[in-house]
Structure formats: C-alpha cells, structure tokens
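> Take this structure first; my questions come after.
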Amino acid sequence: MRRPQDSTDGFRVKLLSDEPGFVEIPPLATAIVSVHVGPPAQMSCRHGSKRHFGVVLHGDVEIIPWGMPGSWELKQRDTALVMSLAPGLLRAAAEESGLEGHRLELLSRFHTRDLPIEHIAWAMKDEMESGYPSGRLYLDSLAVALAVHLVRRHSSMCVQANGRSVRMPPAKLKQLLWFIDDHLTRNLSLSEVAQIAGLSVSHCSTLFRAAVGESIHQYVLRRRVERAAWLLGESRMPISQVALETGFAHPSHLALHMRRILGTTPKRLRANLH
Numbered sequence: 002m003r004r005p006q007d008s009t010d011g012f013r014v015k016l017l018s019d020e021p022g023f024v025e026i027p028p029l030a031t032a033i034v035s036v037h038v039g040p041p042a043q044m045s046c047r048h049g050s051k052r053h054f055g056v057v058l059h060g061d062v063e064i065i066p067w068g069m070p071g072s073w074e075l076k077q078r079d080t081a082l083v084m085s086l087a088p089g090l091l092r093a094a095a096e097e098s099g100l101e102g103h104r105l106e107l108l109s110r111f112h113t114r115d116l117p118i119e120h121i122a123w124a125m126k127d128e129m130e131s132g133y134p135s136g137r138l139y140l141d142s143l144a145v146a147l148a149v150h151l152v153r154r155h156s157s158m159c160v161q162a163n164g165r166s167v168r169m170p171p172a173k174l175k176q177l178l179w180f181i182d183d184h185l186t187r188n189l190s191l192s193e194v195a196q197i198a199g200l201s202v203s204h205c206s207t208l209f210r211a212a213v214g215e216s217i218h219q220y221v222l223r224r225r226v227e228r229a230a231w232l233l234g235e236s237r238m239p240i241s242q243v244a245l246e247t248g249f250a251h252p253s254h255l256a257l258h259m260r261r262i263l264g265t266t267p268k269r270l271r272a273n274l275h
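When we follow my numbering, the leftmost residue of the sequence shown carries the number 2, and every step to the right adds one.
Structural data, given as structure tokens:
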C-alpha cells in the first residue's frame, strides 16, 4: 500500500510542536514558511542577524529564506505547520510570472498576517490529517499556489503599488489581533476595536480588511471557531461549555458557524480528533 506523502517535488509539509526552551536550525537549502497553530505563545526569534520578540497568534506566518539560520526561545509550547520550498520551485514560479527567477530573493518575515498563506496552510493541514485522499495533484497545486504568492508578496520581486499607502502598520495590526484574541468571549464592538487602534470605525474597518483579507466581524467569528476546534481536540470539555468559552451564546450558534467555516459540526469534529 502506498504511504501517505507529506512531500511533492521541491515541497514538504509537517506539523511540528516544540516545548518551552531554545530551538535552533542551521542554514537550510530550502525556504521555510511556518504558520502558528493553537493558542498565543510568547517567544524571541532570530532570522540571521534580525531579531524579534513578541506574542505569536494563531495564523501568524513566519518566513525564513533559504541559507539563513534561525532560532527561537519559547516561553510556552508552540505548534506550527511548517512548509519547506526548494529555491527551484520559487524561481520557476517567478519565471512563469515573467520575472527573472535567477535574481529572486525571498524576504524574511516575523509573525505577519497573510490570509492567502493561511488558507493554503489550512487546506494542506486538512489534507495531511485526512491521509492525503486527494492525491499528489492537489498537493502540487497548493505548493505552486504558495510559491506564486511568495514571489508576488514576499520576495525581492514584489510589485509595489503606486500612490498613497493605505496599509495598517504591522505593530498596530498585531496589537489589534492580540486584543481580539484576548477578548474572544466578549461581545466586542467595532468602536471598541477602532479605539484600540486609535482610528475611526470606518478607517479601521478599511485598513483591517486590506491587511487581513476579511472584515473584523468575519475575523472574530473565524477565530472563535478555530479556538473552539482546538478546545474540542485538546480537552474533554462539554460542547456547551466550549461554546461559552469561545464567545458563542448557545451550542447551536457554534455549530452553525463551524459548519459554515470548517464544513463540519462540533460533535463530528471531536469524533474525528479522538
């Protein structure tokens, strides 16, 4: 019987967990794209000579170019979906976009938000945990989509938009996401979130959607559902209590949004995870 694969040409994916402490990797021949899974974790990171300290949130993306060492000092247990891409895969993606692949350099990123990468990562995670039922073609297509996106958004060949910037500063976006994650059980208002950002409601909503790819309301619902999914897998807490712990007024509300966002129900998800 053929073994389920976690790799395709120039690409590999794994779900890795590290306990609190120090983790170090040498310079690798592949680029690393890591997406944080689970509850917030505090850590100090180093990519080559660059350093970063802060709290990593569920869905945060970290990118380490090939040939660059990395290290992490973890304050809490950390779990991440780690994807590695060979330079050839990225250069081919650049050339197919009409760019000079041999000049491509990937950019280092510390715990940034990138919804397209998140969507690709969750699709890969689901495929991996299901035993790769869709076959190699599906994994290949996800790998190519990731490579193309990295070239366009996180490389030396990024196309910079002309005109006035309407980008939310990364530090302010991180502050907002951290605030939302810390208050998922509360009935948050747009004005409260905007106040944290120091912006008007309309301006905050516009910049947030541009940065994250969805509205504040959609993001909060998705994070509540993702937190509920994690609790269903990591605890024996009754579904009714999970709903309350993640900001849903009733288990039926959790089931409604989980079915819409994850395509399953709390009961079925828990059965599949245990």
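By construction, the Cβ of each residue, glycine as well, lies at the ideal position given by its N, Cα and C atoms.
CB R271 to CB L233, shorter than 7 Å?
Contact flag set, yes.
> Taking the alpha-carbon positions, what's the R153 to L108 distance?
R153 and L108: Cα-Cα distance of roughly 11 Å.
> Is there contact between the region 34 to 42 and the region 115 to 123, where contact requires at least three CB pairs shorter than 8 Å?
The region 34 to 42, when compared against the region 115 to 123, does touch it at the 8 Å Cβ threshold.
> Distance check for M84 and E63, CA to CA, integer angstroms please.
If you take the alpha carbons of E63 and M84, they lie about 10 Å apart.
> In the DSSP assignment, what are the bridge partners of E74?
Answer by DSSP bridge pairing, in chain order: F23 and S45.
> Does DSSP put E193 in a helix, in a strand, or in coil?
Reduced to three states, the DSSP call for E193 is helix.
> Quick one: complete alpha helix (DSSP H) runs, 4+ long, within the region 78 to 132?
88 to 97 and 116 to 130, all fully within the region 78 to 132.
> So A80 and L16 are supposed to be a Cβ contact under 8 Å. How far apart are they, rounded?
In the sequence under discussion, the amino acid at residue 80 is Thr, which differs from the Ala named in the question. T80 to L16, Cβ: 7 Å. Contact.
> Count the other C-beta atoms from every protein chain shown that fall within 10 angstroms of the C-beta of T186, then say buried if there are 16 or more, exposed otherwise.
Per the 10 Å Cβ criterion, exposed.
> Can you list, in chain order, the residues of its chain whose CB lies under 7 Å from that of A124, leaving out five sequence neighbours each side?
Excluding sequence neighbours, A124 sits near L143.
> Taking the alpha-carbon positions, what's the Q196 to H59 distance?
If you take the alpha carbons of Q196 and H59, they lie about 23 Å apart.
> Under a three-way DSSP split, which group does A144 fall into?
In this structure, A144 counts as helix in the three-state DSSP scheme.
> Considering only C-alpha positions, which residue in the set L86, T113, A256 and S216 is nearest to F54?
Checking every option, the nearest Cα to that of F54 belongs to T113.
> My assumption, with CB atoms under 8 Å, is that L82 sits in contact with A148. Please give the rounded CB distance.
Actually they are not in contact, since the Cβ atoms of L82 and A148 sit about 16 Å apart, beyond 8 Å.
> Can you list, in chain order, the residues of its chain whose CB lies under 8 Å from that of M179, leaving out five sequence neighbours each side?
Rather than Met, the amino acid found at residue 179 in this sequence is Trp. Cβ neighbours of W179 beyond the five flanking positions: P41, V56 and L58.
> For E193, tell me which candidate among K76, R92, A256 and I217 has the shortest Cα-Cα distance.
Among K76, R92, A256 and I217, the Cα nearest to that of E193 is on I217.
> Is M238 near the ligand MN, going by C-beta to nearest heavy atom under 6 Å?
The model depicted lacks the ligand MN and carries no ligand whatsoever.
> Please give the ranges of any beta strand (DSSP E) in the region 237 to 263, keeping only runs that are unbroken, at least 3 residues long and fully inside the region.
Here no run is fully enclosed.
> Considering Cα atoms alone, identify which of M69, P70 and Q43 is closest to D61.
Comparing Cα-Cα distances from D61 to each of M69, P70 and Q43, the minimum goes to Q43.
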